[in-house]
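Notes follow the structure.
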């Protein structure tokens, strides 16, 4: 009979030890999931509960091992503890699997969103290219030819009023031709086809008259390298958007543009000495900074937008160099 009791005692001790081990494992899994739940108070409380149950089982095991007398109630508690520990371990494992699946789903969703945004940006640029081509090759020549034909009109028999009207028509046509080519250039910057993206930015500053409103400095460690056109057009559009925001809203007097290459990145940095920005307000307008964020995401670039210590704006875009290679 003593041998039988000894056997049961060893079995109960093994069960209790297994319960403690399983409970500690469950508590460890639960605690490890806290960062994945973004430090949810509810999950922290659950993890703490798991941990306290493991401590309680450990105390029970010590008491059981050093207490020579035990009852049926003690034995039933040992087996109940094992069942609870196994249940909690299984629950922890499945919860970890669910969180992992959710994380993978979130990553896939983010990648899908980036692909959709990239497709939208590329499609938008293709459509702008088509419209620019239509304007440049269609409406532009028509206006130019009309102006040339108008110049052949004999003016000897025209009175002063008629000459004035003819001059007004000719001036309007000349302005129309300039506007057509300016709109075409805005839709599809010709400078990007002929020079580097930084030179295209400089060209925009010269043509737009921005230099009369703002002191702009350019810095670079690259020469005239050409990169993938989608990268160049995004950086160009972002620059124009930032410059527009600075002039209209920032009340700035100076701006700085840096474009340089590291072993792994093409880095674009824009700063001004204006009044900075309000993140919630500016990103909620559907344009401006939100548009910049979408374009950066479309080319797989990292984006940092923040206010400087002096109150101006700081924008940093890091484009992986592997994406920048000229594919033309």
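Numbering (the UniProt record's numbering), first residue to last: 1 to 328.
Beta carbons: idealized from backbone N, C-alpha and C, even for Gly.
As the structure is a prediction and not an experimental result, all values here were calculated from the model.
What is the DSSP secondary structure of residue 39, counted as helix, strand or coil?
coil
Using a 10 Å radius around the Cβ and a threshold of 16 neighbouring Cβ atoms, would you call residue 16 buried or exposed?
Classification for residue 16: buried.
Along the chain, where does the alpha helix (DSSP H) containing residue 230 start, and where does it finish?
229–245
Distance, Cα to Cα, residue 89 vs residue 18?
Cα to Cα, residue 89 sits roughly 12 angstroms from residue 18.
Under 8 angstroms by Cβ, that's how I've got residue 315 and residue 305 pegged, so tell me the actual separation to the nearest angstrom.
5 angstroms
For residue 34, which residues in the same chain have their Cβ closer than 7 angstroms to its Cβ, ignoring the five residues on either side in sequence?
43, 44 and 47
Reduced DSSP secondary structure (H/G/I, E/B, other) of residue 261
Residue state, collapsed to three classes: strand.
Measure the beta-carbon distance from residue 222 to residue 261 and round it to whole angstroms, keeping in mind my assumption that it falls under 8 angstroms.
5 angstroms
Can you have a look at residue 14 and say buried or exposed, based on whether 16 or more other CB atoms are within 10 angstroms of its CB?
exposed
Let me know if residue 311 comes out buried or exposed under the rule of 16 or more other beta-carbons within 10 Å of its beta-carbon.
exposed
Beta-carbon within less than 7 angstroms of residue 203's beta-carbon, same chain only, minus the 5 sequence neighbours each way: which residues are those?
191
Buried or exposed: where does residue 23 fall if 16 or more other Cβ atoms within 10 Å of its Cβ makes it buried?
Using a 10 angstroms sphere on the CB of residue 23, the tally of other CB atoms reaches 16 or more, which defines it as buried.
Short check: CB of residue 93 to CB of residue 298, under 7 angstroms?
no
Within 7 angstroms, strictly: CB atoms of residue 54 and residue 30:
no
Would you report the Cα separation of residue 259 and residue 289, rounded to the nearest angstrom?
Their backbone Cα atoms lie some 19 angstroms apart in a straight line.
Just mark residue 41 as buried or exposed, buried being the case when its beta carbon has 16 or more other beta carbons within 10 Å.
Under this definition residue 41 is an exposed residue.
Taking residue 171 as part of the alpha helix (DSSP H), name the residues at either end of that continuous run.
160–187
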